[in-house]
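In the numbering used here, each residue carries its 1-based index in the sequence shown increased by 14.
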Amino acid sequence: MGSWSHPEISLPELLKLIKGFADMVILASGYQSSGLFAHWDPFNIKKAFQWALFFENVFKNIDGDQDSLDELDAALFELTSDPHFPQGLKHMSSATLSQARYFILEHLLRTLPMRDAHLKAVLEATIEMDLDELHKTETNYLEVYLEKLTPKNEEVKMDFSPIPCADDILDSKAEKDTKIEDLTTIAIEGIRKRQLAVSRVSSIETSVDVLAKAATHGNSNELLDVFLQEKENHPTASMWNHWRTKTLSYLLDKRTIRLVSGARMIFSAPKVQWVQVFNRLDMSIEDDTNICETIEVLLVGCISSRWNNVLQHFMLNSHLQPLSISALYEGVHNLILKRFQNVDHMHETKNLKEQEIVEYLEVALSNQIHHLWELSPALTAASLPIWSRVFEVYASELLSQFKGKTTTIRCCSCIHDNKEHTECEVAERIWCLYIFHVIKNPVF
15 MGSWSHPEIS
25 LPELLKLIKG
35 FADMVILASG
45 YQSSGLFAHW
55 DPFNIKKAFQ
65 WALFFENVFK
75 NIDGDQDSLD
85 ELDAALFELT
95 SDPHFPQGLK
105 HMSSATLSQA
115 RYFILEHLLR
125 TLPMRDAHLK
135 AVLEATIEMD
145 LDELHKTETN
155 YLEVYLEKLT
165 PKNEEVKMDF
175 SPIPCADDIL
185 DSKAEKDTKI
195 EDLTTIAIEG
205 IRKRQLAVSR
215 VSSIETSVDV
225 LAKAATHGNS
235 NELLDVFLQE
245 KENHPTASMW
255 NHWRTKTLSY
265 LLDKRTIRLV
275 SGARMIFSAP
285 KVQWVQVFNR
295 LDMSIEDDTN
305 ICETIEVLLV
315 GCISSRWNNV
325 LQHFMLNSHL
335 QPLSISALYE
345 GVHNLILKRF
355 QNVDHMHETK
365 NLKEQEIVEY
375 LEVALSNQIH
385 HLWELSPALT
395 AASLPIWSRV
405 FEVYASELLS
415 QFKGKTTTIR
425 CCSCIHDNKE
435 HTECEVAERI
445 WCLYIFHVIK
455 NPVF
């Protein structure tokens, strides 16, 4: 027989309600399961708070009954360990649910994007909830409420720490052994910290834009003189500079950085969950735009965890002494030969998460490998691991085009025009493979 001893609700019944509460928290984060925005008004936010208050009252009735809490936490651990359970809520515990209102308020404040109507609804609902609670115990509840919000005549120090999660609030409560602030105070503090975070992100984006412009445009005559001198000394130098600029423009682009951030979030979930997300997308042959964007996210996902290393590797090695396109070809050709000899060893050292993404990518690209030529040459080269079948197909196709062999994919007209591959897309893609795979560096 279990240790659960609440007088009014059984443990199985409580767990069913907790599952429903988890669904509500997901909606509070801003999105429906379909991916559409979840719209919240004050009435429904109050209903969410009231549901959360129910859990708080349940835990008040078993406060001090450690056996009941232990049994619930064991059941919650089993529930949250299911791969289908939302991974963002896997740390849910009895401690979290004992302060459920603050937990759901945190998610309401972190919704993306924070629209004006949503912000107004959150504040209206929190004020009404606080007034309702005070009305139960105070005759002059409005005066008491306003007194709580009136700043004290003491120096207020700015707190730049992140918005606390429910468990952090509980830890703070345990240390101070005092009652947590009312919902309005928590909401105002959360909004203030979010505003600060947005300001910081905006500053970072501005800095990245400045860096990207400086790296890709170059605004001094001195740089131009250097490029002209390089071109005179090394015929391929100007082309290397052009490819380097083009690659940096993509890697430092605001859209790319957002893709990296989104990919990290998506692929931090178990495979069974992110596969469900991609399976809902329309990847039909007729919809080229959709499938290209999906493939781009998958490619970014392969390297999102080591994005900084990718940038460092490129910056370190794209400034090396320029080589002829023939030398680049030989380097990539030898790489493929070594791959055939050592592919079994490569499989032993591959990253599990990367392997899962590549396996899904290979299925998505089935009979549609040409879509790789519609994406950034640098992203394709950096993302495809050398042990993968799709890398072999991609690299071999490029080398075949370089040699003028008949292929189903054509990305330049050099052979038709009886020209060498020097400034075309084939040459650029071979250059990217050389930079990211032939040149080895500890940072990569």
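Every residue, glycine too, gets a C-beta built ideally from N, C-alpha and C.
Since this is a predicted model, take the numbers as computed values, not measurements.
Name the one or two DSSP bridge partners that residue i has.
i, result
"Y45", "F51"
Output the distance between the C-alpha atoms of residue i and residue j, rounded to the nearest integer angstrom.
i, j, result
"R269", "R124", "21 Å"
"S19", "L148", "30 Å"
"T436", "L342", "11 Å"
"D79", "E161", "36 Å"
"I444", "C438", "10 Å"
"K134", "P56", "8 Å"
"I23", "V289", "37 Å"
"C306", "V377", "14 Å"
"H347", "L413", "7 Å"
"G44", "F35", "15 Å"
"K454", "V404", "20 Å"
"S252", "Y374", "38 Å"
"N71", "I32", "14 Å"
"Q101", "L93", "11 Å"
"N331", "S107", "48 Å"
"E189", "E120", "With a pLDDT of only 43 at E189, under 50, the local geometry of the prediction cannot be trusted, and no value is derived from it."
"E411", "I202", "58 Å"
"D173", "L210", "Annotation note: pLDDT 46 at D173 (below 50); position unreliable, coordinate value reported separately. In a straight line, the C-alpha of D173 is about 10 Å away from that of L210."
"L334", "M128", "46 Å"
"F354", "V311", "28 Å"
"V324", "A396", "7 Å"
"L156", "R206", "24 Å"
"A89", "L366", "29 Å"
"A441", "H384", "17 Å"
"C425", "Q415", "9 Å"
"L273", "V314", "7 Å"
"I177", "V407", "Low per-residue confidence applies at I177: pLDDT is 44, beneath 50, and the placement is therefore not dependable enough to give any value."
"H105", "P97", "13 Å"
"I218", "F328", "21 Å"
"K352", "N304", "35 Å"
"T199", "F73", "23 Å"
"V224", "L266", "10 Å"
"L349", "L262", "25 Å"
"N75", "N293", "44 Å"
"L295", "N356", "36 Å"
"L163", "F91", "38 Å"
"I271", "P21", "53 Å"
"N58", "S282", "30 Å"
"T192", "Y116", "Residue placement at T192 is flagged as unreliable, the pLDDT there being 39, under the threshold of 50; a coordinate-derived value is accordingly withheld."
"F68", "S112", "9 Å"
"P391", "C446", "6 Å"
"K417", "F51", "51 Å"
"V286", "T110", "26 Å"
"E388", "K260", "15 Å"
Look up residue i in the DSSP assignment and say whether it is helix, strand or coil.
i, result
"A283", "coil"
"L312", "helix"
"T250", "coil"
"L349", "helix"
"K60", "helix"
"C438", "coil"
"W18", "coil"
"I453", "coil"
"N365", "coil"
"Y448", "helix"
"H333", "coil"
"T164", "coil"
"I317", "helix"
"M172", "Residue confidence for M172 is low, a pLDDT of 42 falling below 50, so the modelled location carries little weight; the figure read from the coordinates is stated next. If DSSP states are grouped into helix, strand and coil, M172 belongs with coil."
"S338", "coil"
"I23", "coil"
"R294", "coil"
"D267", "coil"
"K260", "helix"
"D196", "coil"
"K30", "helix"
"K433", "coil"
"R443", "helix"
Using 8 Å as the limit for Cβ to Cβ distance, is residue i near chain D?
i, result
"K454", "Considering every chain present, this structure includes no chain D. It has just one protein chain."
Exercise. Is there contact here, the segment 48-65 with the segment 141-154, by at least three beta-carbon pairs under 8 Å?
Worked result: yes
Exercise. Which whole runs of the alpha helix (DSSP H) in the segment 77-154 are 4 residues long or more, in chain order?
Worked result: 80-94, 108-111, 114-123, 130-149
For this session: Would you mind listing the alpha helix (DSSP H) stretches within the segment 372-428 that are 4+ residues and don't spill past its ends, in chain order?
Result: 391-397, 403-416
Problem set entry | Inter-stretch contact (C-beta, 8 Å, three-pair minimum) for the segment 315-333 and the segment 272-289 | yes
For this session: Answer yes if the segment 37-54 comes into contact with the segment 70-87, meaning at least three C-beta pairs across the two stretches below 8 Å, and no otherwise.
Result: no
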